[in-house]
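Once you know that position 165 of the sequence shown is 164 in numbering that gives the first Met the number 0, the rest is easy, because the numbers rise by one and skip nothing.
Every residue, glycine too, gets a C-beta built ideally from N, C-alpha and C.
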Amino acid sequence: MIKIAPSILSADFAAMGNAVRALKEQGADWVHFDVMDGNFVPNITFGPGMCKALRPYTDLPLDVHLMVEHPSDWIVPFKDAGADVVTIHVESQERHLHRALQQIHAQGMKAGVVLNPATPISACVHLLPECDLVLLMSVNPGFGGQSFIPETLRKIRELKAEINARGLDTLIEIDGGVNPETAKQCVEAGADVLVAGSAVFRAPDPKAMIQALRG
Ligand code: DX5
Ligand code: ZN
0 MIKIAPSILS
10 ADFAAMGNAV
20 RALKEQGADW
30 VHFDVMDGNF
40 VPNITFGPGM
50 CKALRPYTDL
60 PLDVHLMVEH
70 PSDWIVPFKD
80 AGADVVTIHV
90 ESQERHLHRA
100 LQQIHAQGMK
110 AGVVLNPATP
120 ISACVHLLPE
130 CDLVLLMSVN
140 PGFGGQSFIP
150 ETLRKIRELK
160 AEINARGLDT
170 LIEIDGGVNP
180 ETAKQCVEAG
190 ADVLVAGSAV
200 FRAPDPKAMI
210 QALRG
């Protein structure tokens with residue numbers, strides 16, 4: 000069963016509580032929460048305070064994508080803010096990714112790594128036993144509304160083969176440029192979780208869009 004994780008980066012920042020509350024009825028599985036620090040990526044969004052404020056608005060899992068240089072500093076603050084899933088970039092300044100994944104698990108959350116479009120799958124294969132999920136960026140991180148990078152499909156197939164070869168059940172999450180057409184291609188290649196920002200929040204009927212993304 001494919002999971003759809005709308006990214007609130009594309010929601011109305013002035014009406015975030017209501018936007019998050021509506022997602023369950025609209026058929027979302029997770030709420031994707033894009034944290035940007037203005038250093039790792041050229042944009043700044045929101046942090047644990049926003050996560051804590053939104054937690055009462057939904058019982059869907061909060062999927063926190065940390066686009067920050069020092070992700071391990073934010074594991075406990077996001078746990079305290081009610082996060083369920085935390086993913087950290089292999090390209091960040093975190094020197095000890097394996098330990099950071101263990102720290103996320105020690106806080107009782109699901110853990111994963113994120114790979115930028117330029118980063119090969121080999122950067123995460125030895126971390127797979129510590130990963131509940133791997134997020135493959137299908138755009139360069141920082142902004143919503145960009146076009147899907149088709150080379151991602153090859154990366155999904157390669158990662159899926161690595162996961163299967165190890166007998167693991169690691170989920171593959173895709174983030175960026177997901178629309179009904181690219182969603183289908185991602186699922187055929189082996190994706191399990193699809194993040195969608197502009198597709199969902201700019202749709203006249205978000206519920207129908209979420210259904211369309213499921214295929
Ligand atoms: C980009 C973010 C994405 C983004 C996706 O840095 O990680 O989650 O919101 O937006 P769309 O779906 O509009 O490409
Ligand atoms: Zn994201």
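Legend entry - Cα-Cα separation, P41 to V194: 20 Å
Inset, instruction - Thinking I74 and Q101 are a contact (beta carbons under 8 Å), I'd like their distance in whole angstroms, please. - result: No, I74 and Q101 are not in contact; Cβ-Cβ is about 10 Å, not under 8 Å.
Inset, instruction - Within its chain, find whatever has a CB closer than 8 Å to the CB of S197; leave out the 5 residues flanking it on each side and keep chain order. - result: Excluding residues within five positions, the ones whose Cβ falls inside 8 Å are S9, G143, G144.
Inset, instruction - Say whether the stretch 12 to 26 touches the stretch 197 to 210, bearing in mind that this needs 3 or more beta-carbon pairs closer than 8 Å, one atom from each stretch. - result: yes
Legend entry - Member of V112, T118, N139 whose CA lies at the smallest distance from the CA of C130: V112
Inset, instruction - Say yes only if the C-beta of H95 is nearer than 7 Å to one or more non-hydrogen atoms of the ligand HEM, and no if none qualify. - result: This structure lacks the ligand HEM; the ligands present are the ligand DX5 and the ligand ZN.
Legend entry - Test item: CB-CB of G175 and S121 under 8 Å: no
Legend entry - Buried or exposed by the 16-neighbour rule on C-beta atoms within 10 Å, applied to D191: buried
Inset, instruction - Whole angstroms is fine: what's the gap from G48's alpha carbon to D36's? - result: 14 Å
Legend entry - Rounded C-alpha distance that separates R208 from P179: Note that residue 208 is Met in the sequence shown here, rather than Arg. Each residue's Cα considered, the two are about 8 Å apart.
Legend entry - Strand pairing of E172, partner residues [DSSP]: L134, V192
Legend entry - Buried or exposed by the 16-neighbour rule on C-beta atoms within 10 Å, applied to I43: exposed
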